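Peer 1: After the structure tokens below, expect a handful of questions from me.
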Amino acid sequence: MKFSLAFSPCPNDTFIFDALVNQKIDTEGINFEVHLEDVQTLNEWAIQGKMDITKISYGVYNLVNKQYQLLHSGGALGKGVGPLLISKSTPIFNDEMLVAIPGKNTTAHVLFSLAYPHAKNKVFKVFHEIEAAVLSGEVDAGVIIHENRFTYQEKGLIKIMDLGAYWEETQKVPIPLGGIIAKKSIDPTTIAKIDQLIKKSIEYAFEHYPQIAPYVREHSQEMSEQVMRQHIDLYVNNYSLNLGADGLKAVEVLMQTIERL
Numbered sequence: 009m010k011f012s013l014a015f016s017p018c019p020n021d022t023f024i025f026d027a028l029v030n031q032k033i034d035t036e037g038i039n040f041e042v043h044l045e046d047v048q049t050l051n052e053w054a055i056q057g058k059m060d061i062t063k064i065s066y067g068v069y070n071l072v073n074k075q076y077q078l079l080h081s082g083g084a085l086g087k088g089v090g091p092l093l094i095s096k097s098t099p100i101f102n103d104e105m106l107v108a109i110p111g112k113n114t115t116a117h118v119l120f121s122l123a124y125p126h127a128k129n130k131v132f133k134v135f136h137e138i139e140a141a142v143l144s145g146e147v148d149a150g151v152i153i154h155e156n157r158f159t160y161q162e163k164g165l166i167k168i169m170d171l172g173a174y175w176e177e178t179q180k181v182p183i184p185l186g187g188i189i190a191k192k193s194i195d196p197t198t199i200a201k202i203d204q205l206i207k208k209s210i211e212y213a214f215e216h217y218p219q220i221a222p223y224v225r226e227h228s229q230e231m232s233e234q235v236m237r238q239h240i241d242l243y244v245n246n247y248s249l250n251l252g253a254d255g256l257k258a259v260e261v262l263m264q265t266i267e268r269l
């Protein structure tokens, strides 16, 4: 059996899927055609039903849950892992400012909208373009995710708000960033097997950590090894192995929040 599989080139995703897609574990006769893209592209593909199995922002799940089901493993969810709102010159945000957001259907957009429901001027960009847009003055502020959390201060940028911390304070649940979904048309037994294979892939990666696999380095966009490790340590955790009751509740709260916004 062969299935299309899509995830991002970010270290947390390549760390999770390395053993699975590079035959470091027994995949039990299941093979994958792998596609790596930024999270907004993955979200759009999910809406189109393009991939059999894919990473998405939880922010888009309510648009695709008729066609896809959520897997228990492979996601990014936790505490202290949320997006940051940053600017070049001011620690204060006002609703007239032009803000860059990493995709319309992202959890980052939901968290920003929850904190700033009256913000009037938004532009959507690929996440790794946002810091440059803020630095150049193209936008007044930006919502940053992934490895940019660790490097924005080195570039002289200022944090306005930790949107993840705001979510945790107001909603009292962990931050659901991204998860793995599989098409409901796939046999349920096969979906369960794939779910377990992703978990085994993560366990393999942890067993060989802190060694950084070549696959992770290859797709890490020239970030330093320290930043790669920070990224993995922040976004790959027990929730990645199994969402559990807490994780599922967090996803439900996010879905309810999206319906209210």
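Residue numbers (my numbering): 9 to 269. For every residue, glycine included, the Cβ atom is placed at its ideal position computed from N, Cα and C. Quick caveat: nothing in here was measured; it's all calculated off a predicted structure.
Can you round the beta-carbon distance between Leu262 and Val118 to whole angstroms, since I take them to be within the 8 Å contact cut?
Peer 2: Right, their Cβ atoms sit about 7 Å apart.
Peer 1: Looking at Val47 and Pro110, is the spacing between their C-beta atoms short of 8 Å?
Peer 2: Yes, they are a contact pair.
Peer 1: Since Val244 and Ile24 are thought to touch, with beta carbons under 8 Å apart, how far apart are those beta carbons, to the nearest angstrom?
Peer 2: Confirmed, Cβ separation roughly 6 Å.
Peer 1: Let's test the definition: count the other Cβ atoms within 10 Å of the Cβ of Leu269 and tell me whether it reaches 16, buried, or not, exposed.
Peer 2: It is exposed - the Cβ of Leu269 has fewer than 16 other Cβ atoms within 10 Å.
Peer 1: What is the DSSP secondary structure of Phe40, counted as helix, strand or coil?
Peer 2: Note: Phe40 maps to strand in three-state DSSP.
Peer 1: Which residues in the same chain have their Cβ closer than 6 Å to the Cβ of Met59, if we skip the five residues on either side of it in sequence?
Peer 2: Counting only Cβ-Cβ distances below 6 Å, and skipping sequence neighbours, we find Ser12, Ala14 and Trp53.
Peer 1: Nearest CA to the CA of Thr115: which residue from Lys96, Phe135 and Asn129?
Peer 2: Ranking the options by Cα distance to Thr115, first place goes to Phe135.
Peer 1: Please determine, among Leu251, Asn20 and Leu106, the residue with the shortest C-alpha to C-alpha distance to Tyr124.
Peer 2: For the residues Leu251, Asn20 and Leu106, the minimum Cα distance to Tyr124 belongs to Leu106.
Peer 1: I think Ile210 touches Ser81, with their Cβ atoms under 8 Å apart; what is that distance to the nearest whole Å?
Peer 2: Contact flag correct, Cβ pair sits at about 7 Å.
Peer 1: So, for Val89: in the same chain, excluding its five sequence neighbours on each side, which residues have a beta-carbon less than 7 Å away from its beta-carbon?
Peer 2: These residues qualify, in order along the chain: Gly172, Ile183, Leu185, Leu242 and Tyr243.
Peer 1: Of the residues Lys192, Ala253, Ser232 and Thr178, which one's Cα is nearest the Cα of Lys74?
Peer 2: Taking only the C-alpha atoms, the option nearest Lys74 is Lys192.
Peer 1: For the beta strand (DSSP E) containing Thr62, list its first residue and its last residue.
Peer 2: Here the beta strand (DSSP E) through Thr62 covers Ile61 to Ser65.
Peer 1: Excluding the five sequence neighbours on either side, which residues of its own chain have a C-beta within less than 7 Å of the C-beta of Val147, listed in chain order?
Peer 2: Closer than 7 Å at the Cβ level, and outside the excluded window around Val147, lie Leu106, Val107, Ala108, Val131 and Ala141.
Peer 1: Report the rounded CA-to-CA distance for Asn102 versus Ala127, giving the unit in angstroms.
Peer 2: About 7 Å.
Peer 1: Select from Lys32, Ser16, Met9 and Pro17 the residue whose C-alpha is nearest the C-alpha of His216.
Peer 2: Among Lys32, Ser16, Met9 and Pro17, the Cα nearest to that of His216 belongs to Lys32.
Peer 1: Rounded to a whole number of angstroms, what is the C-alpha to C-alpha distance between Leu205 and Tyr160?
Peer 2: Spanning the two alpha carbons is a distance of roughly 35 Å.
Peer 1: Should Ser248 be labelled buried (16 or more other beta-carbon atoms within 10 Å of its own) or exposed?
Peer 2: Looking at its Cβ environment, which holds 16 or more other Cβ atoms inside 10 Å, Ser248 is buried.
Peer 1: Between which two residues does the beta strand (DSSP E) containing Asn129 stretch?
Peer 2: It spans Asn129 to Phe132 - the beta strand (DSSP E) in which Asn129 sits, taken as one unbroken run.
Peer 1: May I ask which residues mark the beginning and end of the beta strand (DSSP E) holding Leu93?
Peer 2: Per DSSP, Leu93 belongs to the beta strand (DSSP E) from Leu92 to Ser95.
Peer 1: Taking 8 Å as the limit between beta carbons, can you name the residues of its chain near Thr265, skipping five residues before and five after?
Peer 2: Correct list, in chain order: Val118, Leu122 and Gln179.
Peer 1: Taking Cβ to Cβ, would you say Gln77 is nearer than 8 Å to Ile199?
Peer 2: A contact, by the Cβ cut-off of 8 Å.
Peer 1: For Lys201, which of helix, strand or coil comes out of DSSP?
Peer 2: Helix at Lys201.
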